[in-house]
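Residue numbers (my numbering): 6 to 850.
Glycine is no exception: its CB is placed at the ideal position from the N, C-alpha and C atoms.
Predicted model only: the values in this text are computed from it and were never measured.
Reviewing the structure listed below.
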């Protein structure tokens, strides 16, 4: 039965449209079969908005959401109720002719199914409160629609659309900022608007003729892409990367201090390498065993992310009754299998490193950049897939928190370290409790009825042979006792595989040393035996021959730093800032700068006598900067080759500061592939007669136009007068295409609004306008790097900001060199999560 209100609103839909001019379908009730559908259409009408539509009573109940849906539970979106739409509208994408109601481009932005939460009903919408779940390509989890109390004289019906806190929650406006292409065709709004075949006139058509026209429209949309596009990522061009041996942490006796280190929780689970590309997923143990079948639920969750070809390093865990990662619980889950998983048997992946992406080997990049790229890659991941958090500095505080919570400890990693197979001093671990791996070499009989054995006999490899380490008789439940007894029976032997005192060997049944146990214990005794040990579980991811003692080493001495001479020299005479203070700033901010600065050809602004004296640009080096500053040979326009500068570490940055550097400017490409740019910069340079409000609005408008083209962008205060709009890009295109796109985009903006914008450097033509400086995107050109200090009065800093912050900012130089602590703190907040990172191609327009 179709409700009276539905018929009324469909009549309103039909009344507003001239079906001789619009490609939209006529409105008649037509319920779908199976689950109810929902869609969201991004609609560039007189005002950009998102049309949120739920199937109820055979039609699409509709709300116009001006700013688009937000998956942040703290953000409530105004949703204005509009007329019901027919079900035939559910896959409409194209252009409504100008002059018609709702004229403009329409993108199918999301689609899927919906259902009321248990105990609720779709009819609740007429009572003004709908609590429901969505399963779309972008919108997922629990949501609320609540009708607002109308004000006097108000004709429209206002509602609020809000996300309910769950595992699908995302911070801020992530959904609309990153969801810039169609889930039907993969096109951007600009591509839809520019499609000459997007309009489908229905004049005089009804019945079968109308159906044929709709089929024609559908065929056209199918031809725009080879296959249905994913909202998250297009099908990758590369196969999953091969397994590579992991980097390992060395056990140390203290937490390293300083901002050269980041610190992560040490998870109590199985180390793993995830090799994936789209729906192809392989899960490897740290020794290279393929355990995809053992971790099948996680493999399916990863496949659903539709990731490009990549290799992810992480830890797979299971949680105990208190919600903490627990190795014994993980063992139990693996024994039970994953046929019919109980909630308590859910596995989770905590990803903490990214080694390969889209054919690029990332292991040579600084750790902090790899983690930033990982966060951007997995920004839409939801539990059971997590990106492991980290803190910069404050390692001792995190360690105490983990120990107080009964956790295993922390892992500390040098922020600028490269990924290297095996154990070293760049990754260290500090444990709260003693626990190690041991080889089981035998067992002792039990006098208790029904107990198959009393204890297990343990050893470790030392000096090429097994060395006896004692016995453990606790930590076994009934199922574990039975399981181990069965395993022991299959590998019994008559002789001891380890040299042991006669008293210790009495009553022992020996087994071939194949099984590896993880054991927690209080300490080693004077003769090297474990005291107060407790069995945690078997480790089948590591061969017995590799099990050796772990003895805490002294924390390695800090690597030699760069000596900063003349630290008291004042280099900012107006403010009194010294060379030493500048070095301290760059030491503190290195973790934030390196993801953008490292391995990028740079030009330095050097002011050896301070900013008020003679300053100059330098991009070449004869060797005077020292070994921490590297060289990359680059072909010049005249055919010759020159060595350009680049850095890889905080020491490299400090070497530049020692030589009088204040500013760091970088290319739009990396030193390993200088001919393939990976970011685009639009520098908004206002004429002297304009204020910052004009620049701010210009940045927001440029962001909107880039979004129309399917490009996510980010804002940065330049530290001078303007704003940089930063567009990260996947490598693959060359400088000619890069420069051409930037130029045409800037020129299109200036043609569209000639009173506001200009795309030429000519001073005469910039009067009262904003110059969209696209010239930063030429081969060899540079732009100021994020968090770099400017050689200007006040020592201002170029600072990344979120688009949400920008409207409240009234200057491009609100942060200075003295704000290092504030900048570190804000960079780790959710507003700047993933800033400057996105996997996206330069559009072909």
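Discussion item. Residues in the same chain with beta-carbon distance under 8 angstroms from residue 709, minus the five sequence neighbours each way, listed in chain order, please.
Written reply: The sequence position of residue 709 within the chain shown is 704, counting from 1. 53, listed in sequence order.
Worksheet item: What is the DSSP secondary structure of residue 853, counted as helix, strand or coil?
Response: With the chain covering 6 to 850 only, the question about residue 853 has no answer from this structure.
Fill in: residue 282 - partner residues in DSSP beta bridges
Here residue 282 is taken as the residue at index 277 of the chain shown, counted from 1. Looking at the DSSP assignment, residue 282 forms a beta bridge with 285.
Worksheet item: Can residue 465 and residue 493 be called in contact, C-beta distance under 8 angstroms?
Response: Residue numbering aside, residue 465 sits at position 460 when the chain shown is read from its first letter. Residue numbering aside, residue 493 sits at position 488 when the chain shown is read from its first letter. Not in contact: residue 465 and residue 493 (Cβ atoms no closer than 8 angstroms).
Worksheet item: What are the uninterrupted segments assigned as beta strand (DSSP E) that are 3 or more residues long and contained completely in the segment 699 to 785, given in chain order?
Response: 719 to 722, 728 to 733, 775 to 778
Item to complete: Within the same chain, show all residues whose beta-carbon is closer than 6 angstroms to that of residue 333, passing over the 5 residues directly before and after it, in chain order.
Response: By one-based count along the chain shown, residue 333 stands at place 328. Closer than 6 angstroms at the Cβ level, and outside the excluded window around residue 333, lie 541, 542.
Worksheet item: Do you know offhand how far residue 236's Cα is from residue 715's?
Response: Position 231 of the chain shown holds residue 236. Position 710 of the chain shown holds residue 715. Confidence at residue 236 is low in this model, with a pLDDT of 42, below 50, so its placement is unreliable and the value that follows should be read with caution. The straight-line gap from Cα to Cα measures roughly 12 angstroms.
Worksheet entry | Residues near residue 646 by beta carbon distance below 8 angstroms, same chain, minus five either side | Numbered from 1 along the chain shown, position 641 holds the residue referred to as residue 646. Within the same chain, residue 646 has close Cβ partners 638, 639, 640.
Worksheet entry | Straight-line gap, residue 455 to residue 480 (C-alpha atoms, nearest Å) | Mapped onto the chain shown, residue 455 falls at position 450. Mapped onto the chain shown, residue 480 falls at position 475. Their backbone Cα atoms lie some 17 angstroms apart in a straight line.
Fill in: Which residues DSSP lists as bridging residue 852, in chain order
Since the first and last residues shown for the chain are 6 and 850, residue 852 lies out of range.
Discussion item. Quick check on residue 482: buried or exposed, where buried means 16 or more other Cβ atoms within 10 Å of its Cβ?
Written reply: Walking along the chain shown from the start, residue 482 turns up at place 477. It counts as exposed.
Discussion item. Quick check: what's the CA-CA separation for residue 106 versus residue 731?
Written reply: By 1-based counting over the chain shown, the position of residue 106 is 101. By 1-based counting over the chain shown, the position of residue 731 is 726. So the alpha carbons of these two residues sit roughly 36 angstroms apart.
Worksheet item: What does residue 609 pair with, by DSSP beta-bridge criteria?
Response: Within the chain shown, residue 609 is the residue found at index 604, counting from 1. In DSSP, residue 609 forms a bridge with 623, 669.
Discussion item. In this structure, how does DSSP classify residue 351 when only helix, strand and coil are distinguished?
Written reply: Mapped onto the chain shown, residue 351 falls at position 346. Three-state DSSP puts residue 351 in coil, outside helix and strand.
Discussion item. Taking 7 angstroms as the limit between beta carbons, can you name the residues of its chain near residue 490, skipping five residues before and five after?
Written reply: Position 485 of the chain shown, counted from the first residue, corresponds to residue 490. Only 457, 458 meet the Cβ criterion.
Fill in: residue 361 burial status per 10 Å Cβ neighbour count (16 or more: buried)
Residue numbering aside, residue 361 sits at position 356 when the chain shown is read from its first letter. It is buried - the Cβ of residue 361 has at least 16 other Cβ atoms within 10 Å.
Worksheet entry | Simplified DSSP assignment, three categories, for residue 226 | Here residue 226 refers to the residue found at position 221 of the chain shown. Here residue 226 sits in helix by DSSP.
Fill in: Close Cβ partners of residue 389 (< 7 angstroms) along its chain, the five nearest in sequence each way excluded
The residue labelled residue 389 in the question sits at position 384 within the chain shown. Result list for residue 389: 303, 306, 351, 352, 353, 354, in chain order.
Worksheet item: Quick one, which of 115, 85, 446 has its alpha-carbon nearest residue 161's?
Response: Taking the first residue of the chain shown as position 1, residue 161 is located at position 156. Minimum Cα distance to residue 161 is reached at 85.
Discussion item. Does residue 536 come out as helix, strand or coil in the three-state DSSP assignment?
Written reply: Counting from one through the chain shown, the residue named residue 536 turns up at place 531. Residue state, collapsed to three classes: strand.
Worksheet item: Is the segment 681 to 690 touching the segment 797 to 809 in the sense that three or more CB pairs, one from each, lie closer than 8 angstroms?
Response: no
Worksheet item: Which of the three DSSP states, helix, strand or coil, is assigned to residue 831?
Response: As a position in the chain shown, residue 831 is number 826, starting the count at 1. Reduced to three states, the DSSP call for residue 831 is helix.
Discussion item. Measuring alpha carbon to alpha carbon, tell me which residue in 449, 153, 145 is nearest residue 508.
Written reply: Position 503 of the chain shown, counting from 1, holds the residue named residue 508. Of 449, 153, 145, the residue nearest in Cα terms is 449.
Item to complete: Along the alpha helix (DSSP H) that carries residue 656, what are the first and last residues, could you check?
Response: Translated into the one-based positions of the chain shown, residue 656 becomes position 651. It spans 655 to 663 - the alpha helix (DSSP H) in which residue 656 sits, taken as one unbroken run.
Worksheet item: When you compare only the Cα positions, how much space is there between residue 203 and residue 103?
Response: Residue 203 sits at position 198 when you count from the first residue of the chain shown. Residue 103 sits at position 98 when you count from the first residue of the chain shown. Those two C-alpha atoms are separated by around 13 angstroms.
Fill in: Environment of residue 611 [buried if 16+ CB atoms lie within 10 Å]
On the chain shown, residue 611 is found 606 positions in, with the first residue counted as 1. Buried.
Fill in: Three-way DSSP call (helix, strand, coil) for residue 337 in this model
Start at 1 with the first residue of the chain shown, and residue 337 comes out as number 332. Here residue 337 sits in helix by DSSP.
Worksheet item: Leaving out five residues before and five after residue 130 in sequence, what residues of the same chain have Cβ atoms less than 8 angstroms from its Cβ?
Response: Counting from 1 along the chain shown, the entry for residue 130 is found at position 125. If we look at residue 130 and ignore the five residues flanking it on each side, its Cβ neighbours are 59, 61, 66, 150.
Item to complete: State the Cα-Cα distance for the pair residue 600 and residue 690, rounded to the nearest angstrom.
Response: Counted from its first residue, the chain shown places residue 600 at position 595. Counted from its first residue, the chain shown places residue 690 at position 685. So the alpha carbons of these two residues sit roughly 26 angstroms apart.
Worksheet entry | Cβ neighbour criterion (16 or more within 10 Å) applied to residue 632 | The residue given as residue 632 occupies position 627 in the chain shown. The residue is exposed, with fewer than 16 neighbouring Cβ atoms inside 10 Å.
Worksheet item: For residue 729, which of 614, 606, 781 has the nearest alpha-carbon?
Response: Along the chain shown, one-based indexing puts residue 729 at 724. Checked all of 614, 606, 781; the closest Cα to residue 729 is 781.
Discussion item. Quick check: what's the CA-CA separation for residue 680 versus residue 784?
Written reply: Here the question's residue 680 lines up with position 675 in the chain shown. Here the question's residue 784 lines up with position 779 in the chain shown. About 8 angstroms.
Discussion item. Going by DSSP, what residue range makes up the alpha helix (DSSP H) through residue 404?
Written reply: The residue you call residue 404 lines up with position 399 of the chain shown. Note, residue 404: alpha helix (DSSP H), 400 to 409.
Item to complete: Assign residue 758 to one of two classes, buried (16 or more other C-beta atoms within 10 Å of its C-beta) or exposed (fewer than that).
Response: Walking along the chain shown from the start, residue 758 turns up at place 753. Classification for residue 758: exposed.
Worksheet entry | Residue span of the alpha helix (DSSP H) that contains residue 586, given as start and end | Stepping through the chain shown from its first residue, residue 586 is reached at position 581. Element bounds for residue 586: 584 to 602.
Worksheet item: Any idea what DSSP makes of residue 239, helix, strand or coil?
Response: By one-based count along the chain shown, residue 239 stands at place 234. Here the model assigns residue 239 a pLDDT of 42, short of 50, so the residue's position is not dependable, and the following value carries that caveat. Correct three-state label for residue 239: coil.
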